[in-house]
Amino acid sequence: MVIQSSLRSAQLGIMCIFITAASCLSAETSKILCTEKEKQALLKFKQGLVDESKVLSTWDREKDCCKWRGITCNNQTGQVIMLDLSHNISEIFSVEQPLAGEINPSLLELRDLNYLDLSFNVFDGLKIPSFIGSFGQLKHLKFASVGFVGPIPQQLGNLTGLHTLDLSSNDLLVVSDLDWLTHLSSLRYLNLSRLNLSEFVRWPQSINKLPSLLELQLSSTSLPDVNLSSLPLNNFSNSLEVLVLSDNHFSPSIFFLVSNISTNLIHIGLMSCQLQGPIPDVFTNLSSLISLDLSYNQIEGGLPKSFRNLCSLESLNLESNKFSDRLYDSMKNLSCADETMKYLHLSGNPFWGPFPDLSRFSSLIELFIDGTNISGPLPKTLSQFSKLDSLSLVYNQLSGSLPDFTGLSSLRLLYLSNNQLNGSVPESIGQLSSLEALILSSNSLNGVLAEVHFSNLSRLESLDISQNPLSLNISSDWIPPFQLDTLSLDSCKVGPAFPKWLQTQKKLRSLYVSNAGISDSIPKGFWDLSTSLTELNLSYNQIHGKLPNLLQKNKTYFSFDLSYNNLSGPIPLFPSVTDLILSNNMFSGPLSSFCDPPALQLYRLDLSSNQLSGELPNCWIQFQRLSFLNLAKNNFSGKIPNSLSHLQNVVLLRLHDNNLSGEMPSLEDCTELRIVDLGRNKLSGRIPTLQGQSLPNLLVLRLRHNEFNGSLPLSLCSLPALHVLDLSDNKISGFLPECLNNITAMSYEVPDNIILGLVQVVWKGIEIEFGQNLKHLRSIDISSNNLSGMIPQNITSLLKLVSLNLSRNHLTGIIPGNFNKLSSLESLDLSRNWLSGSIPASFSSLNFLSYLDLSYNNLSGRIPLGTQLQSFSASSYVGNLQLCGPPLTKDCSGDKIDQDPDVRDGSEDDKDEGDDDDFLTFGFFFSIGIGYFVGFWGVCGTFLLKSSWRNAYFRFFNDTKDRIYKRARAVFKPRSHRA
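Numbering (the numbering used here), first residue to last: 491 to 1469.
Shown next as structure tokens:
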């Protein structure tokens, strides 16, 4: 970036002059040695330090201290002028530990010291020594990120000759007063980033009192917002060139301050300052500006017209804002920077319109316009950018064919993925000899890629053409000109043969060739690739054969995915692996060798849908990082080992569709569990206690089709996050718990939970798999058990319930009347129970109900009228002999009398009432009296007078009752004996 060159030219120039002078002073042009007094002072300073990595091993009292590490002397006087023991944090893989301990005041003996740098060492809990203010010659003081605490000593104000002051990243320093800064009239570089300056209200005025200041770094300091009314809006300073205020919270008034603070500004950094609204048109006087960083704010609109005055602008970063202008219009306001613009970052904004004409930016080096709404074809003028190093246009709506790339001789990175580009890949792409990364994935590119497309790509390290209908036509003996680091060919036509040229890639770390039409076996030589290969995905092919013992290959895999192939044989021994996914193959045999050697770093294990057998190993306690365990759809038998219950980080546990038996272990130590699926096994005993305080994140509990017995544990009601409870097809008895309404997620909206993996749910009578959509589902299925008693009234308090299945039990009583409260209900199955009474009228208010089964109960009366209930077929109500009305063919007696008044008009009501009045005459009541006398005494009188008739009648009644009871038992017998 520009800020690494010209933007910090002032500071770097000064530093270069100083360092050059220091280097010259340290040259062996003189035989003058360091003084004994200063050597002893440095040795005393060393004694106070903790030096675990022997950084100061050269500090030997028998040697000249001017040759010690970090020491520079004046070659004329031998006096120490520079002490630089900063820890080099840029060396990521360095094993050298930083210094620690204390800073001894013996350093005061270094009277000519003008450069002191102890940055990035560890002095946690120490205060900045006040004696530092006594170094009269000090010009450069750097204490960045050393862990200092407490107040900044006022004595630092005595360093009137100081040019550089860096106290950044000492988060626990207390800044209550910065008046001492005003005494540092020679200060040119000031860095107080990551200090708490929230009380520093008049910071602009204090900065104005530093007449020589060239660079000011105040990032992440909680600076107060600018009060423009208290500031004279004229140039504060003509010296300031670099101003970085990133990661603070400002209003747009900061633009007015920045545009007036100095006309010599060459870099402005306002990244992540929560700026909102459009950019004020205040940049007219900043003609010297070279770099402007406004990224990661919430700025709207487009670029202001005053940007037309930024004739020196080389770098503009507007990434991740809300700019919504037509991109073509905004680019017109950069007209004065045609020849200077080098770095243009516009990604993450809702810019729209066609790809703008940028051909006038002849010096462009980096162009990033990712994730916008620009559309249309790529311009043919792209080939004119001979200096272009990086081009990234991913996640847009670009269409059409790829342009000619011939002129992009300097192009190093080309990212065009996730667009709508089509057509073939031009052969000219093979002439980009500087290209290191080619990313064309997720487009509609078609045609054939041949060797000519890669002919001169000798520097290529990353190639991704996945998710395109492309075909590779490569000869079997082709030797590529490159050595790739990353290769992705997913969903391209690569097979049927396994590409032999892959065996030439000795530096490959990541290889993705999923769904590529390969129906070959993996060559033995492939496994001899460099040990650098850490990510391998060959899933969704038809690869056959057996895997070798990879433990002998001395490899470490982060991810190993060969799922959905035709691989067979035993599961081989693996070296250290993080993700091991071998599902949907034909692996067989036991997992007896799985525990040896231990794969302690295992994070995801998926061996589902194979032919594995035998008992599960009992070594799970060593896999404490394991989060995803899927051994479903195999032939495992025996008990579930207790060591599984000690996986404290496991999130998903799927053992369904096996032959596991015995009791279910307690899972209360598995506190991170979200999904438990043990369905379709032979597990027995009682369902163990599952307390919500131990399993606060449990979303799915699926134990269907086992042999669990006993009553439902009340602890189920304490699982607050439960979305799916499936205990169907077991032998559970007892009553439905009254406390089901305590399951919070069933009653209230809860924050979206991430569903990890697929879960099988019986949905509207069909078993289907749910993925991320499961987070919107609330389902209870306790069907096909031996539950008895009534349906609890408060089950209708589960307001977010979408599916309820209590069918094939022995439930009795009436259906709760307020089902209309379940406004989200889409599927309800209460069939094959002993429910009685009428169907509640509230059912007609279930507007989302699309599946209903009330069949084979003892329900009676009219089916409530309403389009929702009448839309179901008669099979939803069959087997209820006393039910009547549509959609059943059986009419209800007295339809006109009993008809719902809401569907009749007034004239019909009046007519019915008149008919009733005419019917109720004296003759009607007289006939009732005569009929009662003859009927009662004609039968009952005879029974009283003749005992033989009486005995015969009651024998007949008892026989008839027994026959009816037996017939009812045959028709309405329990579920276990019914279809």
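All C-beta atoms, glycine included, are put in the ideal place defined by N, C-alpha and C. Values in this document were obtained by computation on a predicted structure and should not be read as measured data.
Taking the Cβ atoms as the reference, I955 lies roughly 6 Å from L979, within the contact range of under 8 Å.
By a beta-carbon distance limit of 8 Å, F745 contacts P770. Their separation comes to about 5 Å.
Per DSSP, V691 lies in no alpha helix (DSSP H) segment and is marked neither H nor E.
Note: F1084 is not bridge-paired with any residue in the DSSP secondary-structure output. In the same chain as F1333, and ignoring 5 residues on each side of it, the C-beta atoms closer than 7 Å to its own belong to F1309, P1354, L1359, in chain order. Rounded to whole angstroms, the Cβ separation of L906 and I929 is 7 Å, and the two are in contact under 8 Å. Scanning its chain for C-beta atoms nearer than 8 Å, with the 5 sequence neighbours on each side dropped, one finds around L671 the residues G647, L677, L680, S696, K699, L700, in chain order. Considered as a whole, the region 846-910 harbours 856-858, 863-867, 880-882, 887-890, 903-905 as its complete beta strand (DSSP E) runs of no fewer than 3 residues, in chain order. For S889 against S865, the beta-carbon gap comes to about 7 Å, under 8 Å, which counts as contact.
DSSP, reduced to helix, strand and coil, places W549 outside both helices and strands of the structure shown, so it counts as coil.
Uninterrupted beta strand (DSSP E) stretches at least 3 residues long and entirely within the region 642-719 occur at 654-656, 662-664, 679-681, 705-707, given in chain order.
In the same chain as E1228, and ignoring 5 residues on each side of it, the C-beta atoms closer than 7 Å to its own belong to P1282, N1284, in chain order.
Separation of E917 and H943 (C-alpha to C-alpha, rounded to the nearest whole angstrom) is 5 Å. Pairing L903 with E926 gives a Cβ-Cβ distance under 8 Å. By the C-beta criterion, the region 725-739 is judged to be in contact with the region 754-763, since at least 3 inter-stretch pairs fall below 8 Å. Looking at the backbone, the Cα of D554 and that of M572 are separated by about 15 Å. Here C763 carries a coil assignment [DSSP, helix/strand/coil]. Boundaries of the alpha helix (DSSP H) around F745: 743-751. The C-beta of Y1367 has 16 or more other C-beta atoms within 10 Å across all chains shown, which makes the residue buried. If you look at F1126, you'll find it in the beta strand (DSSP E) that goes 1125-1129. Looking at K822, A827, F841, S820, the one whose alpha-carbon comes closest to that of K812 is F841. N1148 carries a coil assignment under DSSP once its states are collapsed to helix, strand and coil. When secondary structure is reduced to three states using DSSP, W842 falls in the strand class. A residue is called buried once 16 or more other Cβ atoms fall within 10 Å of its Cβ, and N1039, having fewer, is exposed.
Put simply, the region 1103-1117 does not touch the region 1051-1062. Fewer than three CB pairs are less than 8 Å apart. Within its own chain, the residues whose Cβ lies closer than 6 Å to the Cβ of P641, once the five positions on either side in sequence are excluded, are V664, listed in chain order. The beta carbons of I1233 and C1207 sit closer together than 8 Å. Between the alpha carbons of N686 and T562 lies a distance of about 34 Å. Distance from the CA of E526 to the CA of D656, rounded to the nearest whole angstrom, comes to 31 Å.
For K1221, the uninterrupted beta strand (DSSP E) segment begins and ends at 1221-1224.
Contact annotation, Q1032 with N1055: C-beta distance approximately 6 Å; criterion of less than 8 Å satisfied. Between Q1138 and E1162, the C-beta gap is smaller than 8 Å, which places the two residues in contact. Note that the C-beta distance between G1375 and N1347 is not below 8 Å. Contact between Q566 and E528 does not hold, since their C-beta atoms are separated by about 15 Å, which reaches or exceeds 8 Å. A direct Cα-to-Cα measurement between G1307 and K983 gives close to 60 Å.
Nearest in C-alpha terms to I1012, of all of Q995, K990, L998, L1001, is K990.
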